[in-house]
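A.B. asks:
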Amino acid sequence: METLGHLAHGFSVAFTPVNLLWCLLGTTLGTAIGVLPGLGPALTIALLLPITYQVAPEASFILFAGIYYGAMYGGSTTSILLNTPGESATIVTALEGNRMARSGRGGAALATSAIGSFVAGTIGTMGVAFLAPVVVKFALAFGPAEYFSLMVLAFITVSAVLGSSSVRGLTSLFAGFVIGMIGVDLQTGQPRFTFGMTELLDGVDVIIAAVGLFAVGETLYMASRRYAGKDEIVPLKGSLYMTAAEWGRSWKPWLRGAAIGFPIGAMPAGGAEIPTFLSYAIEKKLSKHKEEFGTVGAIEGVAGPEAANNASAAGVLVPMLTLGLPTSATAAIMLSAFQSYGINPGPLLLTTQGDLVWGLIASLFIANVILVILNLPLIGLWVRLLKIPAPQLYAGILVFATVGTYGISQSPIDLVILYLLGAAGFLMRRFDFPTAPVIIGMILGPLAETQFRRAMTISNGDWSVFYTHKLSLTLLTLAFIGLAGPHIWAFIEHRRRRGPEHVPGDA
Amino acid sequence: MSTSDQQAAPSRLAVPELLIGIGLLACAGAVAWQTLAIPVSPLYSKVGPTVFPYITMTGMIVLSLLLIVAALRGGWQPEEEKETPTDWKAMGIVVAGLVANLVLIQPLGFTAASVVMFVLVCYGFGSKRTLRDAVLGLILALAAYFGFARALGVNIGAGFLENQLNTVIDALITMLRG
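So the protein lines, in turn, are chains A and B. Under our numbering, the final residue of the first sequence carries the number 507; numbering is consecutive throughout. Under our numbering, the final residue of the second sequence carries the number 1178; numbering is consecutive throughout.
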């Protein structure tokens, strides 16, 4: 029960008035950017990275964590009322949630998603508190070869297993590697990929990459698609208080969603897509009201996936804090915030930075409480935010993109790189390349390279370290299965069935 | 997770996707060129700074070839994207706004450049009330400059407008203290 003692200490850190204010600021900002289409937690945290030069690590991580959790709550509001999922994890919420809103039960949909997020977020945060020390004990045995293999596994799952195409996911990842390698090689001091430009010696700042891909790319994409037609905001109808029947139909999906979401999020694979889709499928199968799915909207189909989404968001923090392994774009940017403080997340983080980690975990509990208050009684405020017209919204996003980029070194070259990455982001959005692997590759790539070179130096240049160490071999095998497995399976299926198969599903 | 790319797609050449594949191949070429330019000290010959670049380059070549094959088989664009015509005019105006910002930010300062960009981007997105957009852009840019930049301690380019306002604010502060 060591954990409880640590947690109590964490609460004493998080409950200082200043840190409570940071938490309130983060959750409010997070909800706002979650509600606004076109803005996400990764972009927002990237824009706020300069704050790491100003305040203590506890304060900025409490702020970032508030934004991270808040964006999940805010995102579901947009999915339900506007039917434009801000991110892939809330696609499922939009499926049933928007139908519920259209049939006049938007209030209940918002309530079950907010309360479900609270329940699952709290369970997930508890999971982080209890699982993290366990993972640390395990991770202390890791050498450079194991770390490298673990990172390879994470690369494969993040880019190739999740998402619609492994080739396009890996392409994004490799583009991220290239961006991450730009600049001076830390081990030998040699400049790499600088094309002879002194401006590139420091490398491409993660702020520029995130802002270019997410803000500029998204704006260009939205401008190019003005013919696509607009989604209407469904006016909020129905009481925000759920009936007894709705509570009865919600609580089991919440718990099941949390039970699915947290373990999948906590694996080095990460991603909220699989748990949300899985939860949706399970709730649809178990529901006594199957006729409501895809017609008037079933509350189970909102409650389960929303819970799964939030629990997996909490789970992602486990590999991030214990192994230094980010599995989402937001986690990758948080990792670069750690680096900016000179802190290296890893097994030692919990002992060397106990105040920071346990304060952060405690603040996540507080954030959940604040968020459920912000998102239920104050929902009207956020609905008003949805009415900001697109022209001014996107123009404003670009103004803040300029602030974030030009502020780094007042160099127009940075703006040129920003726009080039924005153009790339537009093409990726248009041609269905995922953008998150770019950020993950850019942050995690150099770390993987360091571990790789460390392992090879220890083994005196002998490649066999990666497959003679049992754990390393297991991880690499898993990565290989993740990459090749689906293709082999599809090939066998294809041979067995012969002929085009009809894919059922109403998604 | 679905492999809808290959399913039911007429095996026709998809030009945009082919260009992406070729572009990526060119990027791999640039990676190769820059990797060859990295001087390798014999001290680090075992795992020098070029090993990872070479691995990356190999991966990019394989991936771009796979993309080119997919393009030759009809591409992978989602139907929804294909059916929506691209609004080149809107995009062009937004790009003009970005370029204006880039060109003006040094001579005129952040605020003025941002207002020009704001107005152009709004116009590109179909807003017809240019004057109102200019006022909105000015308020937002000043808020970003004084709130965001000053609070975070970020230095963004000050031009004529910011300097005047800074002088006024500093004067006010001295007056209040005085």
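Even for Gly, the Cβ is constructed at its ideal location relative to N, Cα and C.
Just verifying my parser: in three-state terms, what is the DSSP assignment at G38 (chain A)?
C.D. replies: As a position in the first sequence, residue 38 (chain A) is number 38, starting the count at 1. DSSP places G38 (chain A) in coil when its eight states are reduced to three.
A.B. asks: Mind checking if L1131 (chain B) is an interface residue toward chain A, Cβ cutoff 8 angstroms exclusive?
C.D. replies: Mapped onto the second sequence, residue 1131 (chain B) falls at position 131. Not closer than 8 angstroms to any Cβ of chain A, the Cβ of L1131 (chain B) fails to qualify, so no.
A.B. asks: Does L1013 (chain B) come out as helix, strand or coil in the three-state DSSP assignment?
C.D. replies: Reading the second sequence from its first residue, position 13 is the one you call residue 1013 (chain B). Coil, per DSSP.
A.B. asks: Take the Cβ of S328 (chain A) as the centre, count every other Cβ of all protein chains shown within 10 Å, and call the residue buried at 16 or more, exposed below.
C.D. replies: Translated into positions along the first sequence, residue 328 (chain A) becomes position 328. Here S328 (chain A) is buried: its Cβ has 16 or more other Cβ atoms, across all protein chains shown, within 10 Å.
A.B. asks: Tell me, please, whether the segment 44–62 of chain A touches the segment 95–111 of chain A by the rule of three or more beta-carbon pairs shorter than 8 angstroms.
C.D. replies: At 8 angstroms Cβ cutoff, the stretches do not touch.
A.B. asks: Mark W489 (chain A) as exposed unless 16 or more other C-beta atoms lie within 10 angstroms of its C-beta, in which case mark it buried.
C.D. replies: In the first sequence, counting from the first residue as 1, residue 489 (chain A) sits at position 489. By the 10 Å Cβ count, W489 (chain A) comes out exposed.
A.B. asks: Using a Cβ cut-off of 7 angstroms, pull out every chain A residue sitting near A1144 (chain B), in sequence order please.
C.D. replies: Against the second sequence, residue 1144 (chain B) aligns to sequence position 144. Ordered by position in chain A, the residues that pass the 7 angstroms Cβ test against A1144 (chain B) are V399, F400 and V403.
A.B. asks: In the segment 1075–1148 of chain B, which residue ranges form an unbroken alpha helix (DSSP H) of at least 4 residues, counting only runs that do not cross its ends?
C.D. replies: 1079–1083, 1088–1108, 1110–1124 and 1130–1143
A.B. asks: Just the Cα atoms here: how many angstroms apart are T1058 (chain B) and V1051 (chain B)?
C.D. replies: Residue mapping note: residue 1058 (chain B) aligns to position 58 of the second sequence, counting from 1. Residue mapping note: residue 1051 (chain B) aligns to position 51 of the second sequence, counting from 1. T1058 (chain B) and V1051 (chain B): Cα-Cα distance of roughly 11 angstroms.
A.B. asks: Are the CB atoms of A1141 (chain B) and V1115 (chain B) nearer to each other than 8 angstroms?
C.D. replies: Working through the second sequence from its first residue, we reach residue 1141 (chain B) at position 141. Working through the second sequence from its first residue, we reach residue 1115 (chain B) at position 115. Result yes, Cβ atoms of A1141 (chain B) and V1115 (chain B) sit closer than 8 angstroms.
A.B. asks: Based on Cα-Cα distance, which residue from A:A281, A:G342, A:P268 and A:I370 lies nearest to M320 (chain A)?
C.D. replies: As a position in the first sequence, residue 320 (chain A) is number 320, starting the count at 1. The candidate whose alpha carbon is nearest that of M320 (chain A) is A:P268.
A.B. asks: Looking at P1039 (chain B): is its Cβ nearer than 8 angstroms to the Cβ of Q392 (chain A)?
C.D. replies: Position 39 of the second sequence, counted from the start, is the residue given in the question as residue 1039 (chain B). Position 392 of the first sequence, counted from the start, is the residue given in the question as residue 392 (chain A). Not closer than 8 angstroms, so no.
A.B. asks: If you draw a straight line from the alpha carbon of L1072 (chain B) to that of P1016 (chain B), how long is it in whole angstroms?
C.D. replies: In the second sequence, residue 1072 (chain B) corresponds to position 72, counting from 1. In the second sequence, residue 1016 (chain B) corresponds to position 16, counting from 1. Cα to Cα, L1072 (chain B) sits roughly 11 angstroms from P1016 (chain B).
A.B. asks: Where does A1008 (chain B) sit, in a helix, a strand or coil, going by DSSP?
C.D. replies: What you label residue 1008 (chain B) is simply residue 8 of the second sequence in a count that begins at 1. Residue confidence for A1008 (chain B) is low, a pLDDT of 47 falling below 50, so the modelled location carries little weight and cannot support an answer.
A.B. asks: Can you grab the Cα-Cα spacing for the pair T474 (chain A) / L213 (chain A), in whole Å?
C.D. replies: Sequence index remark: in the first sequence, residue 474 (chain A) carries index 474 (1-based). Sequence index remark: in the first sequence, residue 213 (chain A) carries index 213 (1-based). Cα to Cα, the separation comes out at about 34 angstroms.
A.B. asks: What are the boundary residues of the alpha helix (DSSP H) that H6 (chain A) is part of?
C.D. replies: Indexing the first sequence from 1 puts residue 6 (chain A) at position 6. Counting along the chain, the alpha helix (DSSP H) containing H6 (chain A) begins and ends at E2 to A14.
A.B. asks: Let me see if you follow: with CB-CB separation under 8 angstroms, is Y419 (chain A) close to chain B or not?
C.D. replies: The sequence position of residue 419 (chain A) within the first sequence is 419, counting from 1. Answer yes: the Cβ-Cβ gap between Y419 (chain A) and chain B drops below 8 angstroms somewhere.
A.B. asks: Quick check on the DSSP output: what are the complete alpha helix (DSSP H) runs of length 4 or more inside the segment 32–78 of chain A, in order along the chain?
C.D. replies: 41–47
A.B. asks: For the alpha helix (DSSP H) that contains M334 (chain A), what are its first and last residues?
C.D. replies: Position 334 of the first sequence, counted from the first residue, corresponds to residue 334 (chain A). Residues A329 to S340.
A.B. asks: Which same chain residues end up closer than 7 angstroms to G176 (chain A) when comparing Cβ atoms and leaving out the 5 residues on each side of it in sequence?
C.D. replies: Working through the first sequence from its first residue, we reach residue 176 (chain A) at position 176. These residues qualify, in order along the chain: P437, V438, I439, I440, G441, M442 and G445.
A.B. asks: The alpha helix (DSSP H) that contains A145 (chain A), what's its start and end?
C.D. replies: Taking the first residue of the first sequence as position 1, residue 145 (chain A) is located at position 145. Taken as a continuous stretch (DSSP letters only), the alpha helix (DSSP H) holding A145 (chain A) covers P144 to I156.
A.B. asks: Kindly indicate which three-state DSSP category V178 (chain A) falls into: helix, strand or coil?
C.D. replies: Taking the first sequence and counting its residues from 1, one reaches residue 178 (chain A) at position 178. If DSSP states are grouped into helix, strand and coil, V178 (chain A) belongs with the helices.
A.B. asks: Going straight from the alpha carbon of D205 (chain A) to that of L1172 (chain B), what length do you get?
C.D. replies: The sequence position of residue 205 (chain A) within the first sequence is 205, counting from 1. The sequence position of residue 1172 (chain B) within the second sequence is 172, counting from 1. D205 (chain A) and L1172 (chain B): Cα-Cα distance of roughly 37 angstroms.
A.B. asks: Just curious, the alpha helix (DSSP H) that R384 (chain A) is in, first and last residue?
C.D. replies: As a position in the first sequence, residue 384 (chain A) is number 384, starting the count at 1. I379 to L385 is the span of the alpha helix (DSSP H), which, as asked, contains R384 (chain A).
A.B. asks: With DSSP as the reference, identify every bridge partner of R192 (chain A), one or two as the case may be.
C.D. replies: Working through the first sequence from its first residue, we reach residue 192 (chain A) at position 192. Paired residue(s): A:G183.
A.B. asks: Under DSSP, the alpha helix (DSSP H) around K284 (chain A) begins and ends at which residues?
C.D. replies: What you label residue 284 (chain A) is simply residue 284 of the first sequence in a count that begins at 1. From DSSP, the alpha helix (DSSP H) with K284 (chain A) extends over E273 to L286.
A.B. asks: Is the number of C-beta pairs between the segment 245–264 of chain A and the segment 301–310 of chain A that are closer than 8 angstroms three or more?
C.D. replies: yes
A.B. asks: What are the uninterrupted segments assigned as alpha helix (DSSP H) that are 4 or more residues long and contained completely in the segment 424–460 of chain A, given in chain order?
C.D. replies: As for any alpha helix (DSSP H) of minimum length 4 sitting wholly inside the segment 424–460 of chain A, the runs are 436–458, ordered along the chain.
A.B. asks: Please list the partners that S224 (chain A) has in chain B, where partner means a Cβ-to-Cβ separation under 8 angstroms.
C.D. replies: Sequence index remark: in the first sequence, residue 224 (chain A) carries index 224 (1-based). What S224 (chain A) touches in chain B, judged by beta-carbon distance under 8 angstroms, is T1086, D1087, W1088, A1090 and M1091, going in chain order.
A.B. asks: Which of the three DSSP states, helix, strand or coil, is assigned to D202 (chain A)?
C.D. replies: For the purposes of this step, residue 202 (chain A) is identified with residue 202 of the first sequence, where counting begins at 1. Looking at D202 (chain A) - three-state DSSP - the assignment turns out to be coil, as it is neither helix nor strand.
A.B. asks: For A395 (chain A) and L4 (chain A), what's the separation of their Cα atoms in angstroms?
C.D. replies: Counted from its first residue, the first sequence places residue 395 (chain A) at position 395. Counted from its first residue, the first sequence places residue 4 (chain A) at position 4. Cα to Cα, the separation comes out at about 47 angstroms.
A.B. asks: For F174 (chain A) and L1102 (chain B), which I take to be in contact (beta-carbon distance under 8 angstroms), what is that distance rounded to the nearest angstrom?
C.D. replies: Numbered from its first residue, the first sequence carries residue 174 (chain A) at position 174. Numbered from its first residue, the second sequence carries residue 1102 (chain B) at position 102. Between L1102 (chain B) and F174 (chain A) the Cβ distance is about 28 angstroms, and since that is not below 8 angstroms, they are no contact.
A.B. asks: Kindly confirm or deny that the segment 367–375 of chain A and the segment 56–76 of chain A touch, where touching means at least three C-beta pairs closer than 8 angstroms.
C.D. replies: yes
A.B. asks: At 8 angstroms on the CB atoms, spell out the chain E contacts of M1117 (chain B), in chain order.
C.D. replies: Chain labels in this structure do not include chain E; the protein chains are A and B.
A.B. asks: Take the Cβ of S1002 (chain B) as the centre, count every other Cβ of all protein chains shown within 10 Å, and call the residue buried at 16 or more, exposed below.
C.D. replies: Against the second sequence, residue 1002 (chain B) aligns to sequence position 2. Confidence is the limiting factor: at S1002 (chain B) the pLDDT is only 42, short of 50, which leaves the residue's position unreliable, though a coordinate-based value still follows. With a 10 Å radius around the Cβ and a threshold of 16 neighbouring Cβ atoms, S1002 (chain B) comes out exposed.
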